[in-house]
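Enquirer: Residue numbering for the sequence shown follows UniProt numbering, beginning at 1 and increasing consecutively.
A virtual CB, placed ideally from N, CA and C, is assigned to each residue, including glycine.
Since this is a predicted model, take the numbers as computed values, not measurements.
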Amino acid sequence: MDVLIERDGRAGRITLNRPRALNSLTHDMLHTVRAALDAWAADPSVATVVLTGAGERGLCAGADIRAMHDDAKAGGAGYRVFFRDEYRLNELISRYPKPYVAVMDGITMGGGVGLSAHAALRVVTERTTVAMPETRIGLVPDVGGSRLLARAPGELGTHLALTAGSMTAGDALHCGFADHFVPSAALPGLLAALAERDPAEALAAYAAEAPESELAAQRDWIDACYAADEVEEILERLTACGVTEAKEAAEQIAAKSPTMLKVTLAALRRARAHTSLGQTLDQEYRISCAALDHHDLVEGIRAQVVDKDRNPQWRPASLAEVGPAEVAPFFAPPADGDLGLG
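1) Are proline 153 and arginine 57 closer than 9 Å when you measure CB to CB?
2) On the three-state DSSP scale, how would you describe histidine 295?
3) Tell me which residue opens and which closes the alpha helix (DSSP H) that arginine 237 is part of.
4) Please state if the CB of leucine 187 and the CB of leucine 203 are separated by a distance shorter than 9 Å.
5) Which residues mark the beginning and the end of the alpha helix (DSSP H) in which glutamate 326 is found?
6) With DSSP collapsed to three states, give me the class of serine 257.
7) In the segment 95–127, which residue ranges form an unbroken beta strand (DSSP E) of at least 3 residues, counting only runs that do not cross its ends?
8) Check whether the Cβ atoms of methionine 104 and leucine 37 lie closer than 9 Å to each other.
9) Do leucine 149 and glycine 300 have their C-beta atoms closer together than 9 Å?
10) Compute the minimum distance between the beta carbon of glutamate 233 and the heavy atoms of the ligand COA, and state whether it is under 8 Å.
11) Which ranges would you report for the beta strand (DSSP E) in the segment 129–210 if only whole runs of at least 3 residues count?
12) Pick helix, strand or coil for aspartate 8, following the three-state DSSP scheme.
13) From the DSSP output, read off the bridge partner residues of valine 49.
14) Between the C-alpha atoms of aspartate 229 and arginine 270, what's the straight-line distance to the nearest angstrom?
15) Just the C-alpha distance for threonine 239 and threonine 129, rounded to the nearest angstrom, thanks.
16) Mark methionine 1 as exposed unless 16 or more other C-beta atoms lie within 10 angstroms of its C-beta, in which case mark it buried.
17) Under the rule that 16 or more other beta-carbon atoms within 10 Å means buried, what is glutamine 283, buried or exposed?
18) Tell me the DSSP bridge mates of cysteine 225?
19) Alpha carbon to alpha carbon, what distance is there between alanine 325 and arginine 127?
20) Taking only the alpha-carbon atoms, compute the straight-line gap between methionine 260 and glycine 9 and give it to the nearest angstrom.
21) Taking buried to mean at least 16 other C-beta atoms within 10 Å of its own C-beta, is aspartate 309 buried or exposed?
22) Under 8 Å Cβ to Cβ from glutamate 321, same chain only, skipping five residues before and after it: list those, please.
23) Just verifying my parser: in three-state terms, what is the DSSP assignment at valine 3?
24) Using 8 Å as the threshold, is the segment 18–31 in touch with the segment 80–88, meaning 3 or more CB pairs across them?
25) So leucine 173 packs on valine 113, CB below 8 Å; how close in whole Å?
26) Buried or exposed for residue 358, please, with buried defined as at least 16 other CB atoms from any protein chain shown within 10 angstroms of its CB.
27) Between the Cα of tryptophan 221 and the Cα atoms of Gln304, Thr26, Glu155 and Trp40, which residue gives the shortest distance?
28) Which class does leucine 25 belong to by DSSP, given the choice of helix, strand or coil?
29) Which of the three DSSP states is assigned to glycine 278 in this structure?
30) Using 10 angstroms around the beta-carbon of glutamate 91, count the other beta-carbons present and answer buried if the total reaches 16, otherwise exposed.
31) Quick one: using the 10 Å Cβ neighbour count with 16 as the cut-off for buried, is glutamate 134 buried or exposed?
32) If I measure Cβ to Cβ from proline 141 and keep anything under 7 Å in the same chain, skipping five residues before and after, which residues do I get?
33) Measuring CB to CB, does glycine 111 end up less than 9 Å from serine 166?
34) Suppose the cutoff is 7 Å on Cβ atoms and the five residues either side in sequence are ignored; what does the same chain contact list for leucine 235 look like?
35) List in chain order: all unbroken beta strand (DSSP E) runs of 3+ residues lying wholly within the segment 58–101.
Now the structure itself:
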């Protein structure tokens with residue numbers, strides 16, 4: 001079974017169980033998680049829901065992007081439905097009527113963030129790496145990630161989105177992707193306590209002082225450079241500011257899809273004005289459906305995962321060729337209609 005659904009005392013346990021694939025998500029896995037959450041919401045014997053990932057490497061590396069690549073090449077019909085079901089599940093998690101505890105131990109990326117970072121109680125460890133790396137593959141941060149990034153302190157979210165950068169446990173706590181730090185060695189004790197005790201009590205017993213955020217210490221140059229509302233100007237500021245990390249960030253951004261960089265920046269700026277996660281998920285659904293029809297998604301996954309030549313040929317190839325007319329279609333309602341969550 002790719003998802004293990006179990007009862008453990010007062011807790012309902014969901015374990016993503018594809019460790020060899022870093023627990024990457026299939027459509028059937030989304031259905032299994034949704035069915036468990038729907039059943040437990042009305043079950044008085046379930047007091048808490050706990051999400052974990054099998055294996056030692058992480059909670060979840062996101063969607064199965066090789067399958068996304070193949071589906072997009074065939075027209076994208078399957079992943080339009082996948083995104084619709086995934087984003088609705090993300091929204092349900094954000095308003096789940098019982099405590100939902102997500103253990104974000106190890107790698108937690110993309111779709112894994114969607115299943116965890118909207119939870120009521122989010123736990124990270126010293127092994128945690130959190131990322132929304134979608135711009136690496138010609139996509140845009142989704143699963144509500146653009147809302148979390150837009151609400152991060154200063155321009156940290158813009159930096160993470162455009163570079164596809166990763167967060168440590170300290171960064172995830174600082175940026176609003178997590179709530180509690182628990183050493184990995186203490187996780188067995190925490191899970192046992194969650195089966196018997198109120199989650200707040202269990203976390204109080206096992207939480208420890210979190211490490212400092214490395215990103216927080218770089219706010220000065222990040223805020224100054226990423227405050228611009230054009231990707232071209234952000235790159236100019238990063239290159240000119242004289243900070244080594246800023247120059248490295250500019251190089252990382254310059255390697256990404258010009259179209260998706262501009263759509264990403266527009267999505268984050270719009271998400272700042274949203275009043276609910278549902279609004280952001282509606283916007284992300286529009287963008288993801290449009291991306292399935294765009295050359296750069298298939299090409300980005302090909303370069304990173306299929307052929308692994310790390311040499312994507314983006315179309316258009318330069319930021320100068322991407323204007324408002326090229327960005328606007330990503331924010332238009334898809335042919336099969338909006339999600340209607342906002």
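Expert: This is what the structure holds:
1) no
2) helix
3) 231–240
4) no
5) 324–327
6) coil
7) 100–104, 107–109 and 121–124
8) no
9) no
10) What this structure holds is no ligand at all, so the ligand COA is not there to describe.
11) 129–131
12) strand
13) Gly12 and Tyr100
14) 11 Å
15) 27 Å
16) exposed
17) buried
18) Its beta-bridge partners do not exist; DSSP assigns none.
19) 43 Å
20) 46 Å
21) exposed
22) Pro258
23) strand
24) yes
25) Wrong, their Cβ atoms sit about 14 Å apart, outside the cutoff.
26) Residue 358 is absent from the structure shown; the chain starts at 1 and stops at 342.
27) Glu155
28) strand
29) helix
30) buried
31) buried
32) Met132, Glu134, Leu149, Ala161 and Thr264
33) no
34) Ala250, Ile253 and Ala254
35) 58–60
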